[in-house]
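If you read the sequence shown in our numbering, its first letter stands for residue 30, the second for the next number, and so on. C-beta atoms are modelled at their ideal positions from N, C-alpha and C, and glycine is treated no differently.
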Amino acid sequence: MPAPTLRTQVGIIGAGPAGLLLGQVLARAGIESVVIEAQSRAYVESRVRAGLMEHDACQQMRDAGVGERMDREGLVHHGIVLRFGGTSHRIPLTDLAGGRHVTVYGQQEVVKDLIAARLADGLPLFFDAQAHAIGAIDTARPTVGFHHDGADHVLECDIIAGADGFHGISRDAMPADMMRVFERVYPFAWLGILAEAPPVSHELVYASHDRGFALASMRSPKITRLYLQCAPDENLADWPDTRIWDELDTRLAGKLTRGPILQRGITPLRSFVAEPMRAGRLFLLGDAAHIVPPTGAKGLNLAFADVHVLSAALVAFFRTGTTSGLDSYSETALRRVWKAERFSWWMTTLLHRFDAYSPFERRMQQAELDYLTTSRAGMTTIAENYVGLPLL
Ligand code: FAS
Ligand code: PHB
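Here it is in structure tokens:
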């Protein structure tokens with residue numbers, strides 16, 4: 030790799046929730062970083078993805094000094110509804126999860142708030158900058174090669190944070206003989222729409238229907254966010270607006286208020302974990318290390334949980350030279366990752382239609398839903414996982 034042209038303490042690849050929150054927390058601790066992002070600012074701020082923040086993720090935003098708009102505009106929710114067999118069952122999250130709640134606040138808003146804070150502080154954040162090489166991770170001077178503004182650059186750092194998502198380069202920079210990958214690809218996808226119409230309910234509705242799963246969420250009192258289970262190779266062109274709305278009406282058993290569809294997309298569902306999350310001076314966080322099916326609303330929140338562990342380890346390292354937090358990062362982060370993977374897999378298996386299921390297995394799904402929603406213990410396990418298990 031050519032001679033370094035830039036130098037910092039922590040090189041962060043990716044300006045998604047993981048990379049941006051890490052940079053913000055480190056900056057407040059006086060630790061320098063450079064964020065390298067392949068896409069434009071407009072692109073990353075417009076990507077419609079996660080919508081729901083766990084109790085502790087919201088506190089992380091406040092602790093990082095970027096929670097003000099979230100607290101003003103976010104929608105605090107104290108319950109969710111599971112709908113099956115023609116009946117709706119409310120899970121009183123806050124009553125069952127020690128007073129904790131969740132907040133509906135779109136990922137693109139989180140990203141906007143973090144980018145605005147970083148730029149307001151004049152901290153280095155390169156957009157349209159594609160990282161293409163990671164080197165020397167077994168030395169004290171690892172490097173990131175990236176292309177920006179028509180030129181190749183080399184960033185030399187003390188630590189590299191691989192926050193470049195599932196399709197980034199960081200996971201591939203880990204020594205192949207060290208890695209173990211665990212994966213489950215589900216036999217369905219989600220067709221999601223964002224529409225200018227009031228939400229179907231003031232709380233989220235997760236529906237298990239014979240025709241398939243559906244989810245009614247929201248972004249504001251005037252913007253609804255809706256999903257329906259579809260085939261993994263579904264073609265959006267086969268889903269004109271009327272068909273989407275009619276299918277949602279059927280599965281959610283409501284006459285949804287319809288409106289202009291502002292965004293639509295198909296998201297494949299997978300569970301994925303790459304172990305370990307650290308090799309030398311390279312640390313993976315967020316989707317670069319793990320993916321969950323969105324049924325449990327854990328993707329963004331897991332990225333934040335990784336930041337909680339890694340940022341504490343980095344602050345201790347740069348302030349005192351201790352490496353204990355860095356050495357235990359992967360094991361500590363993975364303990365919570367796997368619990369969120371379990372919950373996301375469990376909610377997905379519970380609520381979706383599996384064509385390969387026998388009539389007996391479909392009855393087991395229905396009996397489990399019936400038990401969970403008529404048992405305090407059953408509802409409590411949903412509640413404590415949904416609002417978020419304690420950060421480690
Ligand atoms: P991200 O993918 O958000 O960010 C990684 C960043 O790295 C991107 O901006 C990318 O451009 C950049 N990058 C990649 N390669 C690079 C390179 N070589 N050089 C420089 N930069 C590079 N989660 C939920 O909880 N609920 C949902 O409803 C939900 N819906 C989703 C829908 C879709 C279509 C997708 C893809 C994900 C969804 N998720 C959802 C999960 C999502 O929210 C992730 O968990 C979250 O974005 C994770 O954040 P990061 O780890 O920061 O990764
Ligand atoms: C969303 O609002 O996008 C959302 C909410 C909860 C989920 C998945 C997606 O489980």
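Where residue i sits in the DSSP three-state scheme
| i | result |
| --- | --- |
| Q68 | coil |
| L50 | helix |
| P121 | coil |
| C186 | coil |
| V366 | helix |
| M408 | helix |
| R170 | coil |
| V338 | helix |
| G315 | helix |
| D270 | helix |
| F195 | coil |
| S230 | coil |
| V302 | strand |
| T324 | helix |
| T378 | helix |
| D181 | strand |
| I60 | coil |
| R371 | helix |
| H176 | strand |
Nearest to residue i (by Cα), restricted to the options the options
| i | options | result |
| --- | --- | --- |
| G283 | E212, T116, A162 | T116 |
| P422 | T351, V210, G325, G103 | Past the boundaries of the shown model lies residue 422; the chain is included only from 30 to 421, so the question cannot be answered. |
| F155 | T132, D167, H182, R240 | H182 |
| S340 | M30, G40, A32, V54 | V54 |
| F301 | P323, A205, L285, L311 | P323 |
| Q38 | T410, C87, L311, A93 | L311 |
| A224 | D142, I166, A334, I252 | I252 |
| I41 | G80, G108, G179, A192 | A192 |
| G288 | P297, W274, Q89 | W274 |
| A79 | R101, E138, L122 | E138 |
| I65 | A205, V173, D335 | V173 |
| D316 | I163, G52, A162, A190 | A190 |
| Y235 | A205, M408, H118, P227 | H118 |
| E212 | R299, N330, A245 | R299 |
| G221 | Q258, L313, L379, D201 | Q258 |
Cβ-based burial, residue i [other Cβ within 10 Å; buried from 16]
| i | result |
| --- | --- |
| G197 | buried |
| V321 | buried |
| F242 | buried |
| G48 | buried |
| R307 | buried |
| G350 | exposed |
| Y215 | buried |
| H84 | buried |
| E276 | buried |
| H231 | exposed |
| M30 | exposed |
| D178 | exposed |
| M393 | exposed |
| P419 | exposed |
| M207 | exposed |
| T34 | exposed |
| E390 | exposed |
Proximity test, residue i beta-carbon vs ligand 3 heavy atom, cut-off 7 Å
| i | result |
| --- | --- |
| L281 | This structure does not include ligand 3; its bound ligands are ligand 1 and ligand 2. |
(request) Answer yes if the stretch 260-279 comes into contact with the stretch 290-307, meaning at least three C-beta pairs across the two stretches below 8 Å, and no otherwise. (result) Touching, yes.
(message) Beta-carbon distances below 5 Å to any heavy atom of ligand 2 define the shell here; list its residues in chain order, please.
(response) Those satisfying the condition are, in chain order, G80, L81, S246, R254, P323, A326.
(request) Determine, using beta-carbon pairs with one atom in the stretch 66-75 and one in the stretch 144-159, whether at least three such pairs fall under 8 Å. (result) A contact exists between the stretch 66-75 and the stretch 144-159.
(request) Determine, using beta-carbon pairs with one atom in the stretch 122-139 and one in the stretch 403-416, whether at least three such pairs fall under 8 Å. (result) Enough Cβ pairs lie closer than 8 Å, so yes.
(request) Please confirm if the stretch 92-105 is in contact with the stretch 134-151, defined as three or more CB-CB distances below 8 Å between the two stretches. (result) Contact between the stretch 92-105 and the stretch 134-151 is present, because at least three Cβ pairs lie under 8 Å.
(message) With three or more beta-carbon pairs closer than 8 Å as the criterion, would you say the stretch 341-348 touches the stretch 55-62?
(response) Yes, the stretch 341-348 touches the stretch 55-62.
(message) Whether or not the stretch 156-168 and the stretch 105-112 are in contact is what I'm after, with contact meaning three or more pairs of Cβ atoms, one per stretch, closer than 8 Å; do they touch?
(response) Result no; under three Cβ-Cβ pairs closer than 8 Å.
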